[in-house]
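Peer 1: Sequence lines, in order, name chains A and B. Heads up: the first sequence is residues 128 to 241, going by this note's numbering. Heads up: the second sequence is residues 320 to 1214, going by this note's numbering. Could you have a look at this structure, given as structure tokens, before my questions?
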Amino acid sequence: MSTRSSKTDLLQGTLDLMVLRTLEAMGPQHGFGLAQRIGQISAGMLDLNQGTLYPALLRLEQRGWIASRWGASDANRRARFYELTKAGRKQIAREQDDWARTVALMQRFLRPVE
Amino acid sequence: MRTLWSRFRALFSAARSERELNEEVETHLAMRAAELRAQGLDAAAARAAARREFGGIDQMKEEYRDRRAIPWIESLTRDLRHGLRGLRHNPAFTAAAVLSLALGIGANTAIFSFVNALMLHMLPVEEPEQLVNLYRTGGWGKGYASYPLYLEFRKRSDLFSGVLARSGSHEVRFDAGHATRVDYARQEMVSGNYFEVLGVKPAMGRLFTEDDNRTPHAHPLAILSYDFWRTRLGMDPGILGRVLHVDEQPLTVIGVAAPGFHGVEVENRADVWVPAMMARGDIMQPGMHWIWIMARRRPEIPRSRMQAAANTIMQQYLTSVYGRQRNTAFGKWALDQKIEVHDAGVGLSTLRDAFGKPLTILMAAVGLVLLIACANVANLLIARGAARSREIAMRFSLGATRARLMRQLLMESLLLALLGSALGLAFAAWGARYLLLFLPAAAGDAFTITPDATVLAFTLGISVLSAILFGLAPAVRATALDPAAALKDGGSQQTGGAARAGIRRTLVVVQVALSVVLVVTAALFARSLAGLRAIHPGFTARNVATFDLDFPRAWKRADKARHRELLGARIAALPGVTSFSYGAPGPYRGGSWSAGIRVPGSARTAREGVEVDIQGVGPAYFRTIGTRLVTGREFDQGDMRATRKIAVVNAAFLREFFPGLRDPTGRILSFDDAKPEGGDPTYIVGLAPDILHEGLKTAAKATVYLPLGHDVTETEFDPTLLVQSQLPSRTLFPEIRRVLSQIDPEVALTDPRTLSERVDDSIFAERAVAALSEFFGGLALMLAAIGIYGVMAYGVARRTAEIGLRIALGAAPARIAWLVLGDGLLLIAIGLSIGLPLSLAAGRVSASLLYGIQPDDPLTLVLTAIVLMAIGVSAAFLPARRAATIAPIEALRHE
């Protein structure tokens, strides 16, 4: 049950964190809005099939990190809105730490040895 | 937990979720397309571009669906596999746990299958909860009533939307036209509105209407039950219009009732329904009590009002019929009748009346057995949790969440419970058969205990419940450890040992307390039964074969008497037969017979007549059943046709009518009770001891024995025949049948039992309750003993080092052994101090079922305490010996 992407290989768990962070920054958002936003931020570095987002959203919801409800979009269309839960916020904090550590670690390897 | 819940929900809302996903995708595509259109693309191109950017929709949906379903199923199967592996790796533990549970669950299922069949199963009719039974009490037996009384209740459409009348479901002769021997079917005689009030539909033809029950003896019609039509008439498609002989009346079949309907009795299924107007004799006689009145109550009428209205109707009716005889013994007897409104949705059952309360108590007892079994399994699981603490710590540190581990442990418990209930169902089938053995043959006639959906649901329910009960605490306990410590410790028994031991000791105390309740109850029932057994029934001959005869309807009294004489002579001539007689009603047969008398010279009847019990008996009646007369003589062959009227009376009669007199022979009594001095005299020729004809618990009433054929026995019912012999009944009955068919094949033998079987049947409920509660008490003791042993052995193992040290420092082994034994006794003592008050409370419930013993009987309580102590000592003995023989060096190594 891997989350596949077609162009750039995503590290396991990266998309999850992107979604969580985006929701944290933007507040409740529907799937299309999320896809747009992630596309904008990654500025073309990440070419991801937008459809891939939905199984990821389901997984996050199953874990209790996000919740969803149906509402109306700007154009008055019925749409499903996702929002961060308390557990989701905690998860972001945890993963941010992990990432910071990983990045720091990788940097020690990539920096020329003094 | 939330994840679990949302997945769980997802399982049930897959369709909705699918629809939502489609909508979500559609919204996404539409939004993107709208955006692209705003940038100048045409509609088709925008749509195509949106789809392209989205990627493979079907592929995504597939993944989505997988994601939705698989985690749940996958983790379930993983837990299942893990659980099974765990159980397989520890066969001794698994066997002990499954066996404990199987005994507990099996016992519950067995008892519940009876409770269900007898007390819970609703009649297959329309809105059965609205049905009531108008139950008559006072004079002339209980339950059944007269047809005129039925007509009275029928008028009250303000209370009832319908009132029906029905006879009991009785065996009568049945002949479909080609019978070679006497055959029977169960007939229920019913009012015309019977099927309509119950809301039963025909499977074929039509059912009765009021027009089918208007004129006495003028409606020769029959309706068959579906099962009877299927099994006895081979589903004959041309059955409608066929003439069948039911109770020797030719009746035309007009219909077959809906499948599954067998009348309104639980244990006696009706095969054939016949209009009540076809009953023999004058059915409008107010003294002929032969029908049960059932009604469909109007739901808006409260119970209390219905009972009050029923009382009024009954009073008015009785006054109009018996008001003028108010001052006679008969009048008082007749006026003292009442109607009780009983719920009848679960059908009528005399077995329930006799066995309902004992069954409820047995149900409670098996509930306790299951609790004790659960405590045992919980104990085993905790011990196992200790042994597995290292494995669990490992899994924690590998990232498993606590919820996940607990779920896995609970899955293991559930597996144990399900295995236990599978084995338990087998035990239950065996147990139900054993319980059936206690029921009198007549009561269990068509009473089959098959586990239906309700019973299976019950079994599943209690097994899941017990899994939670015994699995939750150990699972919490096992996953509450500190992984680092447990790993370092190497899984030795030290970690969490004290807390674990605390829980285990508590569980043992609970087991002991519950066992005390069961043992006290069992002891009370056993002693109550022993008390009943010790009652002298008034006769000593046990190996007396008894049976009834069923004659063709056309036979007159004289024909029957002639036949009886002939049969008696032939039976008396059989080898091994020592005596032959007969009596009506006879011993332990049900039914009674009474008459009003005056006794000249007795103060008791100076002002009014008194009702006494009547027994019409044959020559040598007392000798045959093994009763020695106190004074005088019993009847001989010559007395049966003599014109001088004679009687034998019993001791109760002497006490009531001639207090102080030792020998009543020569005194007279009279059945003409209108005048104080009586009329036509009957001479007393003998005095018999009290014989408990109606059951061990019913004190003998004043009884007059008359030669069967005395005028008073004019409306006699057929006597029971009694054969005293040295042969076992197994070989005697075939001989009797042979003789009977040689004399006349038209006469059939019914209800063959020995006298001691009749006595046993009369106390079947007490026997069943005593035997089963003893079994359950024993089971509880065994489970508790295992529990005590387990905890003591565990305690010794845990304290090996400490004990070794003490021994090394010079403690005497005996002292160490006493330490362990004393600890075991302490647990028992705490259990007793909780259990004894509990059993006193429980005793109040069973008090009404006890005979000759109080529920707080001190001897029983003391004996129970001693038994429990003895069990405790023997269960703690092995661990104590083990403790006393610990070698210090071994203890050190253990550390």
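Heads up, the beta-carbon is just placed ideally off N, CA and C, and yes, glycines get one too. In this text, all values refer to a predicted model and were calculated from it rather than measured experimentally.
Indicate whether at least one CB of chain B lies closer than 9 angstroms to the CB of P155/A.
Peer 2: Output row for P155/A: interface = no.
Peer 1: Within 9 angstroms of any Cβ in chain B, is that where the Cβ of G178/A sits?
Peer 2: Answer yes: the Cβ-Cβ gap between G178/A and chain B drops below 9 angstroms somewhere.
Peer 1: Note the first and the last residue of the continuous alpha helix (DSSP H) segment covering G574/B.
Peer 2: Counting along the chain, G574/B falls outside any alpha helix (DSSP H), though it belongs to the beta strand (DSSP E) covering 568-576.
Peer 1: Looking at the unbroken beta strand (DSSP E) that takes in R645/B, where does it start and where does it end?
Peer 2: Run containing R645/B: none; DSSP gives neither H nor E here.
Peer 1: In terms of residues, what are the limits of the alpha helix (DSSP H) holding W1137/B?
Peer 2: Taken as a continuous stretch (DSSP letters only), the alpha helix (DSSP H) holding W1137/B covers 1132-1165.
Peer 1: If contact means a Cβ-Cβ distance below 8 angstroms, which residues of the stretch 720-732 of chain B contact chain A?
Peer 2: Within the stretch 720-732 of chain B, no residue has a Cβ that lies closer than 8 angstroms to any Cβ of chain A.
Peer 1: Can you grab the Cα-Cα spacing for the pair A199/A / Y383/B, in whole Å?
Peer 2: The alpha-carbon atoms of A199/A and Y383/B are separated by roughly 23 angstroms.
Peer 1: What does the alpha-carbon distance come out to for the pair Q813/B and V1110/B?
Peer 2: Unreliable placement is indicated for Q813/B, whose pLDDT of 47 sits below 50; the coordinate value is still reported in the next sentence. Their Cα atoms are separated by approximately 15 angstroms.
Peer 1: Report the CB separation of V838/B from V1186/B in whole angstroms; it is logged as a contact under 8 angstroms.
Peer 2: Yes, they are in contact, since the Cβ atoms of V838/B and V1186/B sit about 6 angstroms apart, within 8 angstroms.
Peer 1: Using alpha carbons as the reference points, say which of G1106/B, A922/B, W611/B lies closest to L700/B.
Peer 2: If we check each option's Cα against that of L700/B, G1106/B comes out closest.
Peer 1: Please report the Cβ distance between V829/B and G423/B, rounded to the nearest whole angstrom; I am assuming they are in contact, meaning their Cβ atoms lie under 8 angstroms.
Peer 2: In fact, because the Cβ distance is near 14 angstroms, the residues do not count as touching under 8 angstroms.
Peer 1: So, using beta-carbon positions, are D546/B and P578/B closer together than 9 angstroms?
Peer 2: Yes, the Cβ-Cβ distance between D546/B and P578/B is below 9 angstroms.
Peer 1: Between G158/A and chain B, is any beta-carbon pair separated by less than 9 angstroms?
Peer 2: For G158/A, the answer is yes, since a Cβ of chain B falls inside 9 angstroms of its Cβ.
Peer 1: Within the 9 angstroms Cβ cut-off, does R221/A reach chain B?
Peer 2: Not an interface residue.
Peer 1: Would a C-beta distance cut-off of 9 angstroms place R616/B and F479/B closer than the cut-off?
Peer 2: Contact: yes.
Peer 1: Who are the near neighbours of G462/B in its chain, counting only those whose CB is closer than 7 angstroms to its CB and skipping five residues on each side?
Peer 2: The residues are Y454, R455, W611.
Peer 1: Exposed or buried, G809/B, counting other C-beta atoms within 10 Å across all chains shown (16 or more means buried)?
Peer 2: Residue confidence for G809/B is low, a pLDDT of 46 falling below 50, so the modelled location carries little weight; the figure read from the coordinates is stated next. It counts as exposed.
Peer 1: Taking only beta-carbon atoms, is F373/B less than 9 angstroms away from chain A?
Peer 2: Answer yes: the Cβ-Cβ gap between F373/B and chain A drops below 9 angstroms somewhere.
Peer 1: Output the boundary residues of the alpha helix (DSSP H) element that contains L690/B.
Peer 2: Unbroken alpha helix (DSSP H) run through L690/B: 669-706.
Peer 1: What is the DSSP secondary structure of G709/B, counted as helix, strand or coil?
Peer 2: The sequence given here has Arg at residue 709/B, not Gly. Correct three-state label for R709/B: helix.
Peer 1: Using a Cβ cut-off of 7 angstroms, pull out every chain A residue sitting near E382/B, in sequence order please.
Peer 2: Those within 7 angstroms of E382/B in chain A are P182.
Peer 1: Over the uninterrupted alpha helix (DSSP H) stretch that includes G189/A, give me the two end residues.
Peer 2: The identity of residue 189/A in the sequence shown is Gln, whereas the question assumes Gly. Note, Q189/A: alpha helix (DSSP H), 180-189.
Peer 1: Compare the Cα-Cα distances from D1176/B to each of P1156/B, G1191/B, M1188/B, A1195/B and report the closest residue.
Peer 2: The shortest Cα separation from D1176/B among P1156/B, G1191/B, M1188/B, A1195/B belongs to P1156/B.
Peer 1: So, under 8 angstroms CB-CB, I916/B and S834/B are touching, yes? Tell me the CB distance rounded to an integer number of Å.
Peer 2: I916/B to S834/B, Cβ: 55 angstroms. No contact.
Peer 1: Contact between the stretch 435-444 of chain B and the stretch 667-686 of chain B is defined here as three or more beta-carbon pairs at a separation below 8 angstroms; is this criterion met?
Peer 2: Touching, yes.
Peer 1: According to DSSP, what are the bridge partners of H157/A?
Peer 2: Paired residues: F208/A.
Peer 1: How would you label Y1002/B, buried or exposed, when you count the other beta carbons within 10 angstroms and need 16 or more for buried?
Peer 2: Burial call: exposed.
Peer 1: To the nearest angstrom, report how far apart G895/B and A598/B are at their CA atoms.
Peer 2: Straight-line Cα distance between these residues: approximately 43 angstroms.
Peer 1: So, do the stretch 860-869 of chain B and the stretch 1189-1208 of chain B have three or more beta carbon pairs nearer to each other than 8 angstroms?
Peer 2: Segments in contact, no.
Peer 1: Quick one: Cα of R947/B to Cα of W874/B, how far?
Peer 2: Answer to the nearest angstrom: the Cα atoms are 35 angstroms apart.
Peer 1: Of all the options H408/B, G1154/B, L543/B, which has the alpha carbon lying nearest to the alpha carbon of R561/B?
Peer 2: Answer by Cα proximity: L543/B.
Peer 1: Whose Cβ in chain B lies nearer than 8 angstroms to the Cβ of R205/A?
Peer 2: Neighbours of R205/A on chain B, chain order: E342, T346.
Peer 1: Which residues in chain B have a C-beta closer than 8 angstroms to the C-beta of R202/A? List them in chain order.
Peer 2: Per the sequence presented here, residue 202/A reads as Ala, with Arg not at that position. Residues of chain B passing the Cβ test: M350, A353.
Peer 1: Report buried or exposed for E584/B, applying the criterion of at least 16 other Cβ atoms within 10 angstroms of its Cβ.
Peer 2: Result: buried.
Peer 1: Quick check on DSSP: helix, strand or coil for I298/B?
Peer 2: Here chain B comprises residues numbered 320 to 1214, so residue 298/B is not present and cannot be evaluated.
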